[in-house]
Amino acid sequence: MAERYDCSECKESLYGQKYILKEESHYCIKCYETLFSHNCEVCQLLIGCTSKDLSYKDRHWHSECFLCNKCSRSLVDRPFATKDDMLLCIECYSNEYSAKCNACLKTIMPGTKKMEHKGNSWHENCLTCNRCQQPIGTRSFVQKDANNYCLPCYEKQFAQQCIHCKMVWEAASTSHLSSASGTTTASTASGAACPWSAAVS
1 MAERYDCSEC
11 KESLYGQKYI
21 LKEESHYCIK
31 CYETLFSHNC
41 EVCQLLIGCT
51 SKDLSYKDRH
61 WHSECFLCNK
71 CSRSLVDRPF
81 ATKDDMLLCI
91 ECYSNEYSAK
101 CNACLKTIMP
111 GTKKMEHKGN
121 SWHENCLTCN
131 RCQQPIGTRS
141 FVQKDANNYC
151 LPCYEKQFAQ
161 QCIHCKMVWE
171 AASTSHLSSA
181 SGTTTASTAS
191 GAACPWSAAV
201 S
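For what it's worth, UniProt numbering labels the leading residue of the sequence shown as 1, then goes sequentially.
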């Protein structure tokens, strides 16, 4: 007599029936779905054996239910982001939640490097010196009249310089003397005086 080939759960014969093998046990379709299938996050229906089960962080969807919560486009085989348990395509996420570049006004896409300062954001290559137009990157810079300047350019364009030695005069770290003619001399932060300062004192 032939050995019986039954469902491990309900013990019904699997002869001539479709079945699923899981961990060395055989299950009829109905028992397998009852025991192991998940319910869809959107429609709450069972994701059966004939459907594709898409999962993310212990949540499950039918492939036809795996959609952007804003524009309803399918997210199957597309990058997506989550916000407050909502699934969003990258475009919708960027439009809703990503920062806008202060220079080019375009969205700073998730995953790209951005520079931030006092509530403003820039693409890495958009944060440039207003004078030399070179990217500032992670170097120090100065904002003046809503423009950004790397330190060398700021000093060349705006900082007061000694008319004799051309050293930059910084009120916080240097001393200065004014001559009768209104010219300015400077001393370095270390206290080494400009050689011309004695001539106008």
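Each residue gets a CB set at the ideal place from its N, CA and C atoms; glycine is no exception.
(request) Consult DSSP for Glu124 and reduce its assignment to one of helix, strand or coil. (result) coil
(request) Work out the CA separation of Cys43 and Glu64 for me, nearest whole Å. (result) Between the alpha carbons of Glu64 and Cys43 lies a distance of about 10 angstroms.
(message) Taking the beta carbon of Asn102 as the centre, do at least 16 other beta carbons fall within 10 Å, making it buried, or is it exposed?
(response) buried
(message) Pop quiz: Cys28 and Cys49 are said to be a contact at Cβ under 8 angstroms. What is the actual Cβ separation, rounded to whole angstroms?
(response) With 8 angstroms as the limit, Cys28 and Cys49 do not qualify as a contact, their Cβ atoms being about 10 angstroms apart.
(request) Could you tell me the distance, in whole angstroms, from the CA atom of His62 to the CA atom of Tyr154? (result) 58 angstroms
(request) Starting from the C-beta of Lys144, find all residues in its chain whose C-beta is less than 8 angstroms away, skip the five residues before and the five after it, and write them out in chain order. (result) Tyr154 and Phe158
(message) Here's the rule: buried if 16 or more other CB atoms are within 10 angstroms of the residue's CB, otherwise exposed. What is Lys81?
(response) A quick correction: the sequence has Ala, not Lys, at residue 81. Buried, because 16 or more other Cβ atoms sit within 10 Å of the Cβ of Ala81.
(message) Counting C-beta neighbours from all protein chains within 10 Å, is the total for Leu127 16 or more, i.e. buried, or is it exposed?
(response) Its Cβ being crowded by 16 or more others within 10 Å, Leu127 is buried.
(request) Could you name the residues of the same chain whose beta carbon sits closer than 8 angstroms to that of Leu54, not counting the 5 residues immediately before and after it, in chain order? (result) His60, Trp61, His62, Ser63, Phe66 and Val76
(message) Assuming Tyr56 is part of the beta strand (DSSP E), what are its boundary residues?
(response) Asp53 to Tyr56
(request) Note down, in chain order, each residue of its chain lying with its Cβ closer than 7 angstroms to the Cβ of Cys89, except the 5 sequence neighbours on either side. (result) Cys68, Cys71, Arg73, Leu75, Arg78 and Phe80
(request) With DSSP collapsed to three states, give me the class of Ser74. (result) strand
(request) Note down, in chain order, each residue of its chain lying with its Cβ closer than 7 angstroms to the Cβ of Ile136, except the 5 sequence neighbours on either side. (result) For Ile136, where only same-chain residues beyond five positions count, the Cβ hits under 7 angstroms are Leu127, Thr128, Cys129, Asn148 and Cys150.
(message) Measuring straight from C-alpha to C-alpha, what distance separates Ser175 and Asp85?
(response) Caution is warranted here: a pLDDT of 24 is assigned to Ser175, below 50, making its placement in the model unreliable, and no coordinate value can be reported.
(request) Might you give, ordered along the chain, the residues of its own chain that have their beta carbon closer than 7 angstroms to the beta carbon of Lys18, omitting 5 neighbours on each side? (result) Ile29
(request) Classify Pro135 as helix, strand or coil using the three-state DSSP reduction. (result) strand
(message) I'd like to know whether the C-beta atoms of Ile20 and Tyr32 end up nearer to each other than 8 angstroms.
(response) yes
(message) So, for Val96: in the same chain, excluding its five sequence neighbours on each side, which residues have a beta-carbon less than 8 angstroms away from its beta-carbon?
(response) A small correction: the amino acid at residue 96 is Glu; Val does not occupy that position in the sequence shown. So the list reads Lys70, Lys83 and Leu88, once near-sequence residues are dropped.
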